[in-house]
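Enquirer:
Residue numbers (this note's numbering): 408 to 703.
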């Protein structure tokens, strides 16, 4: 078979699907993470540990009220604000989170615009230009208490990095009546809250669930298909294990998946972590977070 290059039609890939820098040993963000394990397996503890290390500025939680209270110690570690916790019976919770994200974007863009004006003012003041030639609106904007005050931002000017955690929401209204909104959030997670300069703030999404698939009110195929990493805890349900293996077959060979799973889940709270977008191919599989498994 002969081939011939057509240079005018070359496609050059640029940019990245991950907008935020994270520790080289952690998953990249934005991400969609799925934690699957039975009650008492350690899903909450594992998810909290990763969320803590990723240093999000703001974390939203959708969960039954009683579940949040029972996991309050872990939520306190993440500095989750009470106003950012939504009951899974509230089908409008996703809309409220997007509205809060848009406000984060507006605040950050306003801060950047104000900072540019402030730096322009400081440059004019340090110049030889007479003070009465400086536009009065700029002088008035930053002059208070007898001095010129630099604009402030609640994250010290950092681009807001946010996440939403869905915990114990199987068969709840948010995954029944509100499933289209949840699917849309996951599908568009990198494009939530678009910026004037291009791109978007985006949001990372985490799901904690006892079952990988559910006929109604479960983790939909759209969510599973956009998963960037999976944490699978020990399960005696061989059907569920094969369901996970089949859906991961596009990224992981079935025989490799079973071998690394057996290697990963040796103790009660062990889990196999599969990173579908690893920084390095050798880091695709882990036992927990801290032990890399390299299939041979």
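Cβ coordinates follow ideal geometry from the N, Cα and C atoms, glycine included.
Based on Cα-Cα distance, which residue from 568, 689 and 597 lies nearest to residue 459?
Expert: Nearest C-alpha to residue 459: 568.
Enquirer: Should residue 457 go down as buried or exposed, given a rule of 16 or more other Cβ atoms within 10 Å for buried?
Expert: Counting Cβ neighbours within 10 Å, residue 457 comes out buried, since at least 16 surround it.
Enquirer: I'd like to check one pair, residue 465 with residue 360: are the Cβ atoms closer than 8 Å?
Expert: Residue 360 is absent from the structure shown; the chain starts at 408 and stops at 703.
Enquirer: Under a Cβ-count criterion, where at least 16 other Cβ atoms within 10 Å of its own Cβ denotes burial, should residue 550 be classed as buried or exposed?
Expert: Exposed.
Enquirer: For residue 708, I'd like the list of residues in its chain whose CB is within less than 6 Å of its CB, leaving aside the five on either flank, ordered along the chain.
Expert: With the chain covering only 408 through 703, there is no way to say anything about residue 708.
Enquirer: Quick one, which of 658, 674, 649 and 654 has its alpha-carbon nearest residue 665's?
Expert: Among 658, 674, 649 and 654, the Cα nearest to that of residue 665 is on 649.
Enquirer: Figure out for me which residue from 577, 570 and 514 has the closest Cα to the Cα of residue 470.
Expert: Ranking the options by Cα distance to residue 470, first place goes to 577.
Enquirer: In terms of residues, what are the limits of the beta strand (DSSP E) holding residue 682?
Expert: Residues 678 to 682.
Enquirer: Tell me the start and end of each unbroken alpha helix (DSSP H) in the region 589 to 669 that is at least 4 residues and wholly inside, in chain order.
Expert: Counting whole runs of 4 or more residues, the region 589 to 669 contains the alpha helix (DSSP H) stretches 628 to 632 and 645 to 654.
Enquirer: Residue ranges of each alpha helix (DSSP H) run of no fewer than 4 residues wholly in the region 467 to 543, ordered along the chain?
Expert: Taking only runs of at least 4 residues, the alpha helix (DSSP H) segments lying wholly in the region 467 to 543 are 472 to 477, 479 to 484 and 500 to 533.
Enquirer: Helix, strand or coil for residue 568? Go by DSSP, reduced to three states.
Expert: Here residue 568 sits in coil by DSSP.
Enquirer: Beta-carbon within less than 7 Å of residue 505's beta-carbon, same chain only, minus the 5 sequence neighbours each way: which residues are those?
Expert: The answer, listed in chain order, is 599.
Enquirer: Just to confirm the assignment, what range does the alpha helix (DSSP H) spanning residue 458 have?
Expert: Note, residue 458: alpha helix (DSSP H), 450 to 460.
Enquirer: Just the Cα atoms here: how many angstroms apart are residue 476 and residue 494?
Expert: Between residue 476 and residue 494, the C-alpha separation is close to 12 Å.
Enquirer: Quick one, are the C-beta atoms of residue 696 and residue 651 less than 8 Å apart?
Expert: No.
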